[in-house]
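J.:
Protein chains: 2
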Amino acid sequence: MKASILTIGDEILLGQILDTNSRFIARELSNLGAETVEMRSVADTRTEILRALQEMWPLADVLVITGGLGPTKDDITKNALAEFFHTTLEFNPTVYAWLEEMFAAQPERLNAYNKTQAILPKNCVALRNLKGTACGMWFEQNGKIAVSLPGVPFETEHLFPTEVLPRLKTHFKELKLSYQMVTVYDIPEAELAMRLDSFERNLPEGMRLAYLPTAGLVRLRLTAKGRAIEKLTQSLSDLQQALAGLSFVEGEDTTEGIFAQILKDSGCTVACAESCTGGHIAHLITSVPGASNYFLGGIVAYANTVKIHVLGVNETDLQTHGAVSETVALQMAQGARRVTGADYAVATTGIAGPDGGTPDKPVGTVWIAVAGPGLAHARKFLFSHTRERNIGKASVTALRMLMQAVQDKSCQKA
Amino acid sequence: MKASILTIGDEILLGQILDTNSRFIARELSNLGAETVEMRSVADTRTEILRALQEMWPLADVLVITGGLGPTKDDITKNALAEFFHTTLEFNPTVYAWLEEMFAAQPERLNAYNKTQAILPKNCVALRNLKGTACGMWFEQNGKIAVSLPGVPFETEHLFPTEVLPRLKTHFKELKLSYQMVTVYDIPEAELAMRLDSFERNLPEGMRLAYLPTAGLVRLRLTAKGRAIEKLTQSLSDLQQALAGLSFVEGEDTTEGIFAQILKDSGCTVACAESCTGGHIAHLITSVPGASNYFLGGIVAYANTVKIHVLGVNETDLQTHGAVSETVALQMAQGARRVTGADYAVATTGIAGPDGGTPDKPVGTVWIAVAGPGLAHARKFLFSHTRERNIGKASVTALRMLMQAVQDKSCQKA
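In the order they appear, the protein sequences are chains A and B. Position in the first sequence (from 1) plus 972 gives the number in our numbering. Position in the second sequence (from 1) plus 972 gives the number in our numbering.
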C-alpha cells in the first residue's frame, strides 16, 4: 500500500509551526507496513488544495490530509474536498448530535461557528473526534481512500489510531508487516550497534532491525515482512539474548515509563529537590499514571533561601562552595529525603543558561546527587546545550541515576 | 517573490525524523517577505527527485532543496539536478581546495568518499559550507533560482543565512509582505471569532487575519501584501480596539512568556504548591530564561504527608474536606508563600486521572488557589481530558490566575 500526506495551513508555510502531524502519520503508516511516497504542505486556499488533491490522488492508494477544518476557517478544505469528489456539503445530524453531546454541560457555547462543523460533504463517512469539534472525514473512490483530519496535533494523534488505522487495516488486507520494540537504556547507539552486529547479520530474510535513538534511550524496532512474520518471536528472543547484561525493556517506552515500572516493582518511595531543572523531574515522574504510589513530592529550590530554609542546606557551605557544587547537591538530596520521608531522593543544581555561566562553571554545568538508605553520591555533568536541552538532559539523567540506585537495592517494607 | 521548499530523504517519509529544515527555511523566507507556496518531501531516488523538480520548478521564483548530498549517498540529488538543468557533473577545484582546508589538521581523513564532494553540476555556483563537507549549490535559469543545501539541520541553518539570504536579497529587489502578531488569552477561539467578525469583514484588500489557537491561547496573525503593507499599522490599531477588554499582548508569545513579562514588570516574587500538576507549573515558569528574578521555588506536594509537613496544611481539614478541596488548595497556596517567602503563590490540587475519580470529584476536577498580600481565593475547574491534558490545562490556568493576581496589584518594594 502506498500513501501520501497533505498538510494544509498557512502557518506551516510561514514557518510558524513545525509540521508534526506529517511525521506522526508517516510513522503510523510505516508501522502498518505502508510506504509514504510524498508529503506536501500547501496554503489554505481552494486553488492550492485542489491542485494538491489533483496531483497527489494518482500517487498512492491512500491520501491523508490534515488541517483546514477549524470552526473559524471558511470550510475551504471541506468545499475543496466536495468539489474534488463531485459532491456537495450537507448537514449531518449524527455529527450535530456529537456536538450537542460535547457541549452538554455548556450548551450556550454551541454557537453558530461550532454548528458549521456538522456540515460535511455528502459522500464521506464522518469520523468521531472526542478531542475537538471538527470531525474527521473518510472518502472512498475507485478503491482508493482519502482521509481528512483536523490540524490540531492532539486531535490528529487521537483520531488517526482510533478511527483511521482500523479502517485502513480492514480496507487493505494485504498489509503484512509486524514488529516488536525493545528499548535499551544506558548504552550509546554506536556501542549497541557493534554488539548487535552478528545478530543483525544473521537475521532471516524479510526481517529488519532499526535503531531509533532518542533522549538517551535507543529503541530497537524488529520488523518482519511477509513470511518472516512467523519467525518474529524467535528473532525477538535471540535479540534479548544478544542484549543480556544490558538494561532494556520490551516495548516502546520513555525514561519515565521505565522508571515507573522499576519503582512500582521496588516498593521504594522517591522524592526530588530541583534547582536548575525547575520542576521538570517531578513533572516527568508525575506524567505517568499511578505515580502517587511511589512519588511523595519534590522541592523546587530555585532561590538559595529555599535551599536553606526548606531543604536545610548549610548556609556557610552554600557560600563557600557555591550553589552549583557537590556539597550543595548532596545536601539537597538528603534534605528532600528528610522533609518528604522518601526512601530515595535525587537533586539537581546547575546552570541552565543562557546566562549565569562562568569560566569555572560554564552554562550546562550540572551537579546531580542521589541519597538513599546508607547511600549518597553525586556526579558532575556538562551538557552544554540550550536552556531547554540542559533542563531536559539533566532531568532524564537524574531519573536514570535515581533508577539505578533503586535497582541496586530495593525497599522491603516491614 | 514566491518560493517552494523540497526536502529529500527516506527518513522523513518513514516518520523517523521531523523535517525541521523546511520550517527553518520557511521562516527565513517569510521574514524576508517571500511567500512559500509549497513544501514537499520525497524519497532519495532519481525518479522522485526529478518528478518533484519538474512539478515544483514552475510554481515559484525560488526552489530551495535540502538533503541527499551526504558523502555516503550516491550523489543522486546532484545527478538529478544536473539532468534537470541539462548539464553534467565536473570536478570543481575551488571546492576541493575548501575540503583540503577543512581537513588540513587531519589530511588522511580526506578520503575517497569526501573527495566526491568536489564534483558538482557545471552550471552551479558553489556555496561554501563551513560546517560540513557537502557544499551548497546555487542555480539560475530564466530569472529563477534553485538552491540545493545539505540535509543536516545545523549545516542548513548555517548556510541559508550566510550564503543564500544575501544572494536572494540581491536577486529579488521587490520582496513585499509584512505581518503583525497579537496573542489573546482567556477566550476560546470560536468566541473570539464572533467578536472579530466585523473587524475581519472590513479589512482592506491584501490584508488577512489568521487564527492560530494553541494551549489556551489564540495567536492572531494580521498579514499584509503589496500596497496593504502601508495600512498594517492602522489595521493593527483597529484590531487592538476590537480586542478592548480582553487580555492580549502584541507579538507572538506563550503563556509562560507572557507570565514572565508581567512578573518582571511587577517586581513581585512568586512560588507554587503543586499536587495534581506535579511540578509542571514550576517547569513552565523556569523554562523562561531569567525566571530566577521572580520565581523563588515550589513544593510538589504529591503525598498528603508533604502537604501537612512541608506546606502546613491542617490534617483535620485534609480529612474532613479531602485533598481535592477549596480549603486544602487555599492552605497549600498560603503554605507556599510562607515557606518560600514569596509575595504570591498559586496552588493546585485535583484528579489528573486516568484513575482516582469519583462521582463527586470526577477525573479532571482541579481546585486552583492564589494567595498574596491580603488576598486568597480559589476556583474549581473541570478539565475532563486525558492525564496529560489535565496537567497541561491546570498548569496554564494556574499561571493565568497567578498572573491576574499580580497584574491587579504589583509589588512596590521598599
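Glycine included, C-beta positions come from ideal geometry on N, C-alpha and C.
Please report the residue range of the beta strand (DSSP E) in which R1254(B) lies.
T.: Position 282 of the second sequence, counting from 1, holds the residue named residue 1254(B). Residue identity differs from the one stated: residue 1254(B) is Ala in this sequence, not Arg. A1254(B) -> not in any beta strand (DSSP E); alpha helix (DSSP H) instead, spanning 1252-1258.
J.: Output, in sequence order along the chain, the residues in the region 1265-1283 of chain B whose CB is closer than 9 Å to any CB in chain A.
T.: Flagged, chain order: F1267, L1268, G1269, G1270, I1271, V1272, A1273, Y1274, A1275, T1277, V1278, K1279, H1281, V1282.
J.: Alpha carbon to alpha carbon, how far is Q1306(A) from T1337(A)? Give it in angstroms, no decimals.
T.: As a position in the first sequence, residue 1337(A) is number 365, starting the count at 1. As a position in the first sequence, residue 1306(A) is number 334, starting the count at 1. About 21 Å.
J.: Measuring only between beta-carbons, confirm whether Q988(B) sits less than 9 Å from chain A.
T.: Along the second sequence, one-based indexing puts residue 988(B) at 16. Yes, Q988(B) lies at the interface with chain A (some Cβ there is under 9 Å from its Cβ).
J.: Please decide whether G1251(B) counts as near chain A, where near means a Cβ-Cβ distance under 9 Å.
T.: Mapped onto the second sequence, residue 1251(B) falls at position 279. With 9 Å as the cut-off, G1251(B) counts as an interface residue toward chain A.
J.: Can you list the residues of chain A that P1261(B) reaches, using a CB-CB cut of under 7 Å?
T.: By 1-based counting over the second sequence, the position of residue 1261(B) is 289. By Cβ distance, chain A contributes P1326, D1327, R1359.
J.: On the DSSP bridge list, what partners appear for I977(B)?
T.: Here the question's residue 977(B) lines up with position 5 in the second sequence. The partner list for I977(B) (beta bridge, DSSP) reads M1011(B), V1036(B).
J.: When DSSP labels each residue in this structure, what does E1127(B) get in the three-state scheme?
T.: One-based indexing of the second sequence puts residue 1127(B) at position 155. If DSSP states are grouped into helix, strand and coil, E1127(B) belongs with the helices.
J.: Which residue's Cα is closest to the Cα of G987(A): E1007(B), L1208(B), A1314(B)?
T.: The count along the first sequence starts at 1 and reaches residue 987(A) at position 15. Checked all of E1007(B), L1208(B), A1314(B); the closest Cα to G987(A) is E1007(B).
J.: Alpha carbon to alpha carbon, what distance is there between T1019(B) and Y1085(B)?
T.: For the purposes of this step, residue 1085(B) is taken as residue 113 along the second sequence, with counting starting at 1. For the purposes of this step, residue 1019(B) is taken as residue 47 along the second sequence, with counting starting at 1. Y1085(B) and T1019(B): Cα-Cα distance of roughly 24 Å.
J.: Beta-carbon within less than 6 Å of V1036(A)'s beta-carbon, same chain only, minus the 5 sequence neighbours each way: which residues are those?
T.: Locating residue 1036(A) in the first sequence gives position 64, counting from the first residue. Taken in chain order, the residues that qualify are I977, I997, V1119.
J.: In angstroms, rounded to a whole number, what distance separates the CA positions of I989(B) and E983(B)?
T.: On the second sequence, residue 989(B) is found 17 positions in, with the first residue counted as 1. On the second sequence, residue 983(B) is found 11 positions in, with the first residue counted as 1. If I take the Cα positions, the gap works out to 6 Å.
J.: Say whether the region 1216-1223 of chain B touches the region 1171-1186 of chain B, bearing in mind that this needs 3 or more beta-carbon pairs closer than 8 Å, one atom from each stretch.
T.: The answer is no - the region 1171-1186 of chain B does not touch the region 1216-1223 of chain B, with fewer than three Cβ pairs under 8 Å.
J.: Closest to A1319(A) by C-alpha separation, out of A1162(A), L1208(A), L1371(A), A1054(A), would be which residue?
T.: The count along the first sequence starts at 1 and reaches residue 1319(A) at position 347. The option with the nearest alpha carbon to A1319(A) is L1371(A).
J.: What three-state label does DSSP hand L1061(B) in the structure shown?
T.: One-based indexing of the second sequence puts residue 1061(B) at position 89. Three-state DSSP puts L1061(B) in a strand.
J.: Taking 9 Å as the threshold (beta carbon to beta carbon), is V1014(B) in contact with chain A?
T.: For the purposes of this step, residue 1014(B) is taken as residue 42 along the second sequence, with counting starting at 1. Yes - at least one Cβ of chain A is within 9 Å of the one on V1014(B).
J.: Give me the Cα-Cα distance between V1368(B) and D1016(A), rounded to the nearest whole angstrom.
T.: As a working note, residue 1368(B) is residue 396 in the second sequence. As a working note, residue 1016(A) is residue 44 in the first sequence. Each residue's Cα considered, the two are about 29 Å apart.
J.: Taking 9 Å as the CB-CB cut-off, is R999(B) touching chain A?
T.: Position 27 of the second sequence, counted from the start, is the residue given in the question as residue 999(B). Cβ-Cβ to chain A under 9 Å: yes for R999(B).
J.: From T1312(A) to G1270(A), what distance separates their C-alpha atoms?
T.: Here residue 1312(A) corresponds to residue number 340 of the first sequence, with the count starting at 1. Here residue 1270(A) corresponds to residue number 298 of the first sequence, with the count starting at 1. Near 8 Å, if we compare the C-alpha coordinates of G1270(A) and T1312(A).
J.: Quick one: what's got a C-beta closer than 7 Å to T1142(B)'s C-beta in the same chain, skipping five residues either side?
T.: In the second sequence, residue 1142(B) corresponds to position 170, counting from 1. Cβ neighbours of T1142(B) beyond the five flanking positions: none.
J.: Taking CB distances under 9 Å as the criterion, tell me whether G1313(B) reaches chain A.
T.: Your numbering for residue 1313(B) matches position 341 in the second sequence. Yes - at least one Cβ of chain A is within 9 Å of the one on G1313(B).
J.: In three-state terms, what does DSSP make of T1017(A)?
T.: Position 45 of the first sequence, counting from 1, holds the residue named residue 1017(A). T1017(A) falls in the coil class under three-state DSSP.
J.: Please report the straight-line C-alpha distance between E1073(A) and L1354(B), rounded to a whole angstrom.
T.: Walking along the first sequence from the start, residue 1073(A) turns up at place 101. Walking along the second sequence from the start, residue 1354(B) turns up at place 382. Their backbone Cα atoms lie some 16 Å apart in a straight line.
J.: Using a 10 Å radius around the Cβ and a threshold of 16 neighbouring Cβ atoms, would you call P1133(B) buried or exposed?
T.: Translated into the one-based positions of the second sequence, residue 1133(B) becomes position 161. Exposed, by the Cβ-count rule.
J.: Classify I1415(A) as helix, strand or coil using the three-state DSSP reduction.
T.: The structure shown has nothing for residue 1415(A), since chain A only spans 973 to 1386.
J.: With DSSP as the reference, label T1358(B) as helix, strand or coil.
T.: Within the second sequence, the letter at position 386 stands for residue 1358(B). If DSSP states are grouped into helix, strand and coil, T1358(B) belongs with coil.
J.: Fully enclosed by the region 1060-1117 of chain A, which alpha helix (DSSP H) runs are 4 residues long or longer?
T.: For the region 1060-1117 of chain A, whole alpha helix (DSSP H) runs of length 4 or above, ordered along the chain, are 1065-1074, 1084-1087.
J.: At 9 Å on the CB atoms, spell out the chain B contacts of S1002(A), in chain order.
T.: Reading the first sequence from its first residue, position 30 is the one you call residue 1002(A). Ordered by position in chain B, the residues that pass the 9 Å Cβ test against S1002(A) are L985, L986, G987, Q988.
J.: Is it buried or exposed, N1265(A), if we count other Cβ atoms within 10 angstroms and call 16 or more buried?
T.: Residue 1265(A) sits at position 293 when you count from the first residue of the first sequence. Exposed: under 16 other Cβ atoms inside 10 Å.
J.: Using only alpha-carbon positions, find the residue among A975(A), K974(A), T1277(A), G981(A) that is nearest to L1184(B).
T.: In the second sequence, the residue the question calls residue 1184(B) occupies position 212. For L1184(B), the nearest C-alpha among the options comes from G981(A).
J.: For D982(A), which residues in chain B fall below 7 Å Cβ to Cβ?
T.: Taking the first sequence and counting its residues from 1, the one referred to as residue 982(A) is at position 10. In chain order: A1182.
J.: Taking CB distances under 9 Å as the criterion, tell me whether M1166(B) reaches chain A.
T.: For the purposes of this step, residue 1166(B) is identified with residue 194 of the second sequence, where counting begins at 1. Chain A, which has a Cβ nearer than 9 Å to the Cβ of M1166(B), makes this yes.
J.: Excluding the 5 residues flanking L1137(A) on each side, which residues of the same chain have their C-beta closer than 8 Å to its C-beta?
T.: As a first step, residue 1137(A) must be located in the first sequence, where it is residue number 165. Hits under 8 Å: E1000, L1004.
J.: Which residues of the region 1063-1085 of chain A have a Cβ closer than 9 Å to any Cβ of chain B? Give them in chain order.
T.: Correct list: A1077, R1081, N1083, A1084, Y1085.
J.: For T992(B), does the three-state DSSP call read helix, strand or coil?
T.: The residue given as residue 992(B) occupies position 20 in the second sequence. Reduced to three states, the DSSP call for T992(B) is helix.
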